[in-house]
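Chains as they are written, first to last, in the numbering used here: chain A, 603 to 906; chain B, 131 to 261.
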């Protein structure tokens, strides 16, 4: 099909839709009834690859940007937690999301501020490009993902103050972007073996992502000290650690037909008495975190 | 059936159960077949990070003339068989197709270097039917 006629991508859903005028050239099998064609997905995203990338032009494809190895490691771990060895989404996971996207800040920014990362006060400028998020992917949760290097002693108690601000590009003045809104919070955590810290910035980024903003420009000031104010230990000797600029993690619910809708299959199970009943409460954490659902899940499994 | 038995004296008695089984379980009937591929075979492993293996399975086999509840086929399937046999043989017989699927989680690298975990619907055939 890619040799016959030009196919355009549908901006709203990001999927391929053949233009009206040469629909007649498409293979009759691929043509949808007239009423359904407008803005509707002809092919699911994975199959879109089949139509874009036939074996003969695989070699000619433009090289992909390689992701950061830490980010890759984090996503592989998330995959193992969310899917079985055969690649099937884990049934007992009550998470609402069916899509998770990890963005690393654009390389120019990283490069420009690389040397700022040493010392105890970290100020970093982050620009995330969210072009890949489609119109049918709805935000459930957004997290800034920090990874520490090995110089920080394990199981040390660290308190960090984080000042986050979003920058708006005011095109009238080319000199510098203005700050639209800012947030400051303090974060206490124990550095564990895994050396990842997730900063939940959902409420902070929600208005931006809801307005389908494609570029998110943030400034993050990060100061970390050893100790835990709640344990009345004195905050002392700021930590001199190298912080890799954080990645942005978006937990999304894709409402397109090709995406797996856990609730549909659960409803289907409920209709079909052959399948064991499962009690799921809609009030669970979108990422399936600990909480009362788990104990319910356990009770249900025990009863089963 | 008695003639058949008579005709097959050469079958040694000890695999009689095998002999009878072919009548209980018809051969080549519609059923789910295993099929397993790895994305490296398709040279897709550059951008599909997980899973390494994917078992889509497939359905193959003959559809019996009278499709009963065994396949969960709708009544229309029998009607189609009657149309094929009695009215118009250009109308195809019912086909052996997947009836149920399970989803698949895929971890991919996007062209811009971002990483996406997505759960896709209906990616693995788990049950077959005739319709």
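All C-beta atoms, glycine included, are put in the ideal place defined by N, C-alpha and C.
> Can you tell me whether DSSP reads residue 737 of chain A as helix, strand or coil?
Replying inline: DSSP places residue 737 of chain A in coil when its eight states are reduced to three.
> Which residue's Cα is closest to the Cα of residue 162 of chain B: B:248, B:176 and B:229?
Replying inline: Residue B:229 is the option with its Cα nearest to residue 162 of chain B.
>> Considering Cα atoms alone, identify which of B:220, B:232 and B:236 is closest to residue 255 of chain B.
In response: Here the closest residue by C-alpha is B:232.
> Quick one: is residue 150 of chain B buried, meaning 16 or more other Cβ sit within 10 Å of its Cβ, or exposed?
Replying inline: Exposed: under 16 other Cβ atoms inside 10 Å.
>> Please list, in chain order, the chain B residues whose beta carbon lies closer than 7 angstroms to that of residue 729 of chain A.
In response: In chain order: nothing, as chain B lies at least about 13 angstroms away.
> How big is the Cα-Cα spacing for residue 953 of chain A and residue 183 of chain B?
Replying inline: The question about residue 953 of chain A has no answer, for chain A in this structure spans 603 to 906.
>> Here's a check: name, in chain order, each residue in its chain whose Cβ is nearer than 6 angstroms to the Cβ of residue 235 of chain B, leaving out the five neighbours to either side.
In response: Here the set comprises 249.
> Listing by chain order, which chain A residues have their CB less than 7 angstroms from the CB of residue 170 of chain B?
Replying inline: Ordered by position in chain A, no residue passes the 7 angstroms Cβ test against residue 170 of chain B, which lies about 13 angstroms from the chain.
>> Counting only Cβ pairs nearer than 7 angstroms, list the residues of chain A close to residue 149 of chain B.
In response: Contact annotation for residue 149 of chain B against chain A: no contact, minimum CB-CB distance about 34 angstroms [criterion: below 7 angstroms].
> Using a beta-carbon distance below 8 angstroms, is residue 702 of chain A in contact with chain B?
Replying inline: Judged by the 8 angstroms Cβ criterion, residue 702 of chain A is in contact with chain B.
>> So, at 6 angstroms on beta carbons, what are the nonlocal neighbours of residue 259 of chain B in its own chain, with the 5 sequence-adjacent residues on each side left out?
In response: Contacts found: 201, 202, 203 and 229.
> Along chain A, in chain order, which residues have C-beta atoms closer than 7 angstroms to that of residue 202 of chain B?
Replying inline: In chain A, no part has a C-beta under 7 angstroms from the C-beta of residue 202 of chain B; the shortest such distance is about 11 angstroms.
>> In the DSSP output, which residue or residues are listed as bridge partners for residue 850 of chain A?
In response: Answer is A:705 and A:746.
>> Quick check on the DSSP output: the beta strand (DSSP E) that includes residue 257 of chain B runs from which residue to which?
In response: Where residue 257 of chain B is concerned, the enclosing beta strand (DSSP E) stretches over 245 to 260.
> Going along chain A in order, which residues have a C-beta closer than 8 angstroms to the C-beta of residue 175 of chain B?
Replying inline: Simply none; closest approach about 12 angstroms.
> Can the beta-carbon of residue 744 of chain A be found closer than 8 angstroms to that of residue 701 of chain A?
Replying inline: No, they are not a contact pair.
> According to a CB-to-CB cut-off of less than 9 angstroms, which residues of the region 234 to 256 of chain B neighbour chain A?
Replying inline: Going along the region 234 to 256 of chain B in chain order, one finds 234, 235, 236, 237, 238, 239, 240, 241, 242, 243, 244, 245, 246, 247, 248, 249, 250, 251, 252, 253 and 254 with a Cβ nearer than 9 angstroms to chain A.
>> My assumption, with CB atoms under 8 angstroms, is that residue 762 of chain A sits in contact with residue 806 of chain A. Please give the rounded CB distance.
In response: That belief does not hold up - the Cβ atoms of residue 762 of chain A and residue 806 of chain A are roughly 16 angstroms apart, past 8 angstroms.
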